[in-house]
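J.:
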Amino acid sequence: MRGDLSNITAPPFVLDTKSAIELPSFWAERPSIFVAPAAADDPAERALLVLKWFVSSLRNQQYAGRSEAEGVKKPINAFLGELFLARWEDDRDQDQDKLGVGVTRLVSEQVSHHPPVTACRVWNEEHGVSAEGYTRQEITFNGSVNIQQIGRATLHLARHHETYLIPLPDIKINGILTGSPYPELHGTHHIPSTSGYISTIHFNGRRGVFSSSDRKHSFEARVYQDGKVGTDPIYTVSGRWDGQFVIRDCRQNIDIETFDVTTARTTPLITDPIEEQDPWESRRAWRGVREALQRRDMQAAADAKERIEKGQREMRKTDNDGRDWERLFFEPISRKDEVAESLAGMVGLTLDPDDTVASWKFR
Numbered sequence: 001m002r003g004d005l006s007n008i009t010a011p012p013f014v015l016d017t018k019s020a021i022e023l024p025s026f027w028a029e030r031p032s033i034f035v036a037p038a039a040a041d042d043p044a045e046r047a048l049l050v051l052k053w054f055v056s057s058l059r060n061q062q063y064a065g066r067s068e069a070e071g072v073k074k075p076i077n078a079f080l081g082e083l084f085l086a087r088w089e090d091d092r093d094q095d096q097d098k099l100g101v102g103v104t105r106l107v108s109e110q111v112s113h114h115p116p117v118t119a120c121r122v123w124n125e126e127h128g129v130s131a132e133g134y135t136r137q138e139i140t141f142n143g144s145v146n147i148q149q150i151g152r153a154t155l156h157l158a159r160h161h162e163t164y165l166i167p168l169p170d171i172k173i174n175g176i177l178t179g180s181p182y183p184e185l186h187g188t189h190h191i192p193s194t195s196g197y198i199s200t201i202h203f204n205g206r207r208g209v210f211s212s213s214d215r216k217h218s219f220e221a222r223v224y225q226d227g228k229v230g231t232d233p234i235y236t237v238s239g240r241w242d243g244q245f246v247i248r249d250c251r252q253n254i255d256i257e258t259f260d261v262t263t264a265r266t267t268p269l270i271t272d273p274i275e276e277q278d279p280w281e282s283r284r285a286w287r288g289v290r291e292a293l294q295r296r297d298m299q300a301a302a303d304a305k306e307r308i309e310k311g312q313r314e315m316r317k318t319d320n321d322g323r324d325w326e327r328l329f330f331e332p333i334s335r336k337d338e339v340a341e342s343l344a345g346m347v348g349l350t351l352d353p354d355d356t357v358a359s360w361k362f363r
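At position 106 of the sequence shown the residue is numbered 106 (UniProt numbering), and the sequence of numbers has no breaks.
#1: Note down the Cα distance separating P75 from I21, rounded to an integer number of angstroms.
#2: Between I201 and L349, what straight-line distance do the alpha-carbon atoms span, to the nearest angstrom?
#3: Thinking V129 and A38 are a contact (beta carbons under 8 Å), I'd like their distance in whole angstroms, please.
#4: Suppose the cutoff is 6 Å on Cβ atoms and the five residues either side in sequence are ignored; what does the same chain contact list for L48 look like?
#5: Quick check: the Cα distance between residue 418 and R87, rounded to an integer number of angstroms?
#6: Do you know whose CA, among R46, S334, K361 and D303, lies nearest H161's CA?
#7: CA-CA distance, M346 and F219?
#8: Tell me where the beta strand (DSSP E) around G187 begins and ends.
#9: Buried or exposed: E281, going by 16 or more other Cβ atoms within 10 Å of its Cβ?
#10: Around the Cβ of E70, are there at least 16 other Cβ atoms within 10 angstroms (buried) or fewer (exposed)?
#11: Decide if N174 is buried, meaning its Cβ has at least 16 other Cβ atoms within 10 Å, or exposed.
#12: Assign H217 to one of two classes, buried (16 or more other C-beta atoms within 10 Å of its C-beta) or exposed (fewer than that).
#13: Do the segment 181 to 194 and the segment 47 to 61 meet, that is, are 3 or more Cβ pairs less than 8 Å apart?
#14: How long is the line joining the alpha carbons of S112 and D170, rounded to whole angstroms?
#15: Given this structure, state the Cα-to-Cα distance separating P279 from L351, to the nearest angstrom.
#16: State the beta-bridge partners of A119 as determined by DSSP.
#17: What separation, rounded to the nearest whole angstrom, lies between the Cα atoms of R215 and F245?
#18: Here's a check: name, in chain order, each residue in its chain whose Cβ is nearer than 6 Å to the Cβ of D242, leaving out the five neighbours to either side.
#19: Tell me whether W360 sits in a helix, a strand or coil according to DSSP, three-state version.
#20: Please go through the segment 222 to 267 and give each complete beta strand (DSSP E) segment of 3 or more residues, from N-terminal end onward.
#21: Could you give the residue range of the alpha helix (DSSP H) that holds P31?
#22: Have a look at S57, A264, R284 and F203 and flag the residue whose alpha-carbon is nearest the alpha-carbon of D272.
#23: Output yes or no for whether 7 Å exceeds the beta carbon distance between C250 and P268.
#24: Cβ of E109 within 7 Å of Cβ of L83?
#25: Comparing C-alpha positions only, which one of A28, L80 and S67 sits nearest to R313?
#26: Whole angstroms are fine: how far does the CA of I256 sit from the CA of E291?
#27: Can you list, in chain order, the residues of its chain with a C-beta nearer than 8 Å to that of P116? Leave out the 5 residues immediately preceding and following it.
#28: Mapping the DSSP letters down to three states, classify V209 as helix, strand or coil.
#29: Determine the extent of the alpha helix (DSSP H) in which V303 is found, giving its start and end residues.
#30: Using a 10 Å radius around the Cβ and a threshold of 16 neighbouring Cβ atoms, would you call K310 buried or exposed?
#31: Bridge partners of G102, per DSSP?
#32: Given the structure, does H217 come close to the ligand HEM, in the sense that its CB is under 6 Å from one of the ligand's heavy atoms?
#33: Have a look at A153, E338 and R295 and flag the residue whose alpha-carbon is nearest the alpha-carbon of G133.
#34: Does DSSP classify S342 as helix, strand or coil?
#35: On the DSSP bridge assignment, give the partners of V145 in chain order.
#36: If you drop the 5 nearest sequence neighbours on each side, which residues of the same chain put their C-beta closer than 6 Å to that of A358?
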């Protein structure tokens with residue numbers, strides 16, 4: 001099946017209870033890992049900690065916080081202007097000698113409907129760490145569901161005046177024909193930084209069918225100095241992005257950490273009570289759909305979803321199909337982001353704003 005399927009309305013029984021606009025929240029569900037690079041004085045260590053943050057966020061991004069046994073479900077298509085506002089509040093360090101994580105905030109907004117583009121910003125003021133990006137997906141089917149993520153994301157460390165270009169890996173949903181769908185990331189991706197350090201991540205997951213070999217959700221990553229990619233790495237990280245991975249210091253030839261995504265603590269996501277949310281906020285807007293899905297009332301879910309989508313279609317008739325829509329938190333920018341362009345050039349990438357209607361920046 002050819003063409004972009006991202007706008008096709010899914011039947012209620014394959015829908016997740018989350019809107020697509022909530023997915024950026026998994027970037028910062030472990031705020032201490034999100035802000036950790038800011039505290040490191042060594043640029044090589046900062047590059048490693050950014051890589052660790054990126055890998056540790058993948059599992060819940062792909063499964064939307066569900067257990068793997070629940071399988072893959074399609075997020076609800078966000079509507080133009082939909083908002084998701086949230087925060088994480090970590091306690092101060094228990095020994096009172098160190099600065100705790102503090103408050104980490106998220107703003108996510110659907111800035112385009114055709115094509116569907118989501119923009120987001122996650123930041124922690126106390127530690128001067130911010131991540132910002134925008135993305136859309138192209139979905140095709142050829143026995144597996146193929147999801148190409150198109151857009152841009154950066155992580156900025158204010159204390160070090162340092163920026164990282166964060167990859168948006170393509171996804172393949174395997175197991176559709178066997179009735180046991182699961183996501184697999186694929187390809188080789190890079191995290192270049194203005195400090196000159198580059199991380200490369202190679203996703204090589206595959207499930208054994210006729211043998212005991214099973215490398216599902218596997219990856220291998222390396223941290224290099226600029227100009228030395230492909231030579232001896234400074235650090236390696238390898239294992240499974242949905243489970244356990246090992247960090248190795250190649251200079252000392254020792255393993256320095258084993259991290260398990262399944263047991264690492266996450267911080268509860270906080271949103272305002274639904275009754276206090278704006279009608280454009282995601283959980284209030286989709287409340288009827290979410291509640292119907294949770295009680296497995298598929299007809300009620302379909303009816304509630306159709307009411308929202310019909311209202312959106314009527315609205316778009318009056319605002320030039322969304323082109324005249326005034327975004328609340330993000331704005332299109334005509335000038336190039338020279339830092340992001342330079343980082344992309346380091347790893348042979350080009351950034352085309354037309355792919356996502358425009359380049360989007362937090363106001």
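The beta carbon of each residue, even a glycine, is placed where N, CA and C say it ideally should be.
T.: According to the data block:
#1: In the sequence shown, the residue the question calls residue 75 occupies position 75. In the sequence shown, the residue the question calls residue 21 occupies position 21. Each residue's Cα considered, the two are about 9 Å apart.
#2: As a position in the sequence shown, residue 201 is number 201, starting the count at 1. As a position in the sequence shown, residue 349 is number 349, starting the count at 1. Answer to the nearest angstrom: the Cα atoms are 15 Å apart.
#3: Your numbering for residue 129 matches position 129 in the sequence shown. Your numbering for residue 38 matches position 38 in the sequence shown. Indeed, because the Cβ distance is near 5 Å, the residues count as touching under 8 Å.
#4: Residue mapping note: residue 48 aligns to position 48 of the sequence shown, counting from 1. Only V223 and Y235 meet the Cβ criterion.
#5: Given a span of 1 to 363 for the chain in the structure shown, any question on residue 418 remains unanswerable.
#6: Here residue 161 refers to the residue found at position 161 when the sequence shown is read from its first residue. Taking only the C-alpha atoms, the option nearest H161 is R46.
#7: The residue labelled residue 346 in the question sits at position 346 within the sequence shown. The residue labelled residue 219 in the question sits at position 219 within the sequence shown. If you take the alpha carbons of M346 and F219, they lie about 22 Å apart.
#8: In the sequence shown, the residue the question calls residue 187 occupies position 187. Element bounds for G187: Y182 to P192.
#9: The count along the sequence shown starts at 1 and reaches residue 281 at position 281. With 16 or more other Cβ atoms within 10 Å, it is buried.
#10: Stepping through the sequence shown from its first residue, residue 70 is reached at position 70. Exposed, since its Cβ has fewer than 16 Cβ neighbours within 10 Å.
#11: Indexing the sequence shown from 1 puts residue 174 at position 174. Counting Cβ neighbours within 10 Å, N174 comes out buried, since at least 16 surround it.
#12: By one-based count along the sequence shown, residue 217 stands at place 217. The residue is buried, with at least 16 neighbouring Cβ atoms inside 10 Å.
#13: yes
#14: Here residue 112 is taken as the residue at index 112 of the sequence shown, counted from 1. Here residue 170 is taken as the residue at index 170 of the sequence shown, counted from 1. For S112 and D170, the distance between alpha carbons rounds to 21 Å.
#15: As a first step, residue 279 must be located in the sequence shown, where it is residue number 279. As a first step, residue 351 must be located in the sequence shown, where it is residue number 351. Taking the straight line joining both Cα atoms gives about 34 Å.
#16: Sequence index remark: in the sequence shown, residue 119 carries index 119 (1-based). Looking at the DSSP assignment, A119 forms a beta bridge with E109 and Y134.
#17: Residue mapping note: residue 215 aligns to position 215 of the sequence shown, counting from 1. Residue mapping note: residue 245 aligns to position 245 of the sequence shown, counting from 1. Taking the straight line from one Cα to the other gives about 13 Å.
#18: On the sequence shown, position 242 is the one that residue 242 refers to. Here the set comprises R59 and H217.
#19: By 1-based counting over the sequence shown, the position of residue 360 is 360. W360: strand per DSSP, three-state reduction.
#20: 235 to 240, 244 to 249 and 254 to 260
#21: Translated into the one-based positions of the sequence shown, residue 31 becomes position 31. Per DSSP, P31 belongs to the alpha helix (DSSP H) from P31 to V35.
#22: Position 272 of the sequence shown, counted from the first residue, corresponds to residue 272. The residue with the shortest Cα to Cα distance from D272 is R284.
#23: For this step, residue 250 is matched to residue 250 along the sequence shown. For this step, residue 268 is matched to residue 268 along the sequence shown. Not a contact, by the Cβ cut-off of 7 Å.
#24: Here the question's residue 109 lines up with position 109 in the sequence shown. Here the question's residue 83 lines up with position 83 in the sequence shown. It is a contact, given that the beta carbons lie within the stated cut-off.
#25: Counting from 1 along the sequence shown, the entry for residue 313 is found at position 313. Residue L80 is the option with its Cα nearest to R313.
#26: To locate residue 291, count along the sequence shown from 1; it is residue 291. To locate residue 256, count along the sequence shown from 1; it is residue 256. Rounded to whole angstroms, E291 to I256 spans 45 Å at the Cα level.
#27: As a first step, residue 116 must be located in the sequence shown, where it is residue number 116. So the qualifying residues of the chain are S6, N7, A20, N77, A78, Q110, R136 and Q137.
#28: Position 209 of the sequence shown, counted from the first residue, corresponds to residue 209. Legend: pLDDT at V209 = 40, less than 50; position of this residue unreliable, value from coordinates given subsequently. Coil.
#29: Translated into the one-based positions of the sequence shown, residue 303 becomes position 303. For the record, residue 303 in the displayed sequence is Asp; it is not Val. Run containing D303: M298 to T318, per the alpha helix (DSSP H) assignment.
#30: Counted from its first residue, the sequence shown places residue 310 at position 310. Label assigned to K310: exposed.
#31: By 1-based counting over the sequence shown, the position of residue 102 is 102. DSSP output for G102 lists D90 as bridge partner(s).
#32: In the structure shown, the ligand HEM is absent, as is every other ligand, since no ligand is present at all.
#33: The residue given as residue 133 occupies position 133 in the sequence shown. It is A153 whose Cα lies nearest to the Cα of G133.
#34: Locating residue 342 in the sequence shown gives position 342, where the first residue counts as 1. Here S342 sits in helix by DSSP.
#35: Here the question's residue 145 lines up with position 145 in the sequence shown. In DSSP, V145 forms a bridge with F141 and I173.
#36: Position 358 of the sequence shown, counted from the first residue, corresponds to residue 358. Cβ neighbours of A358 beyond the five flanking positions: P332.
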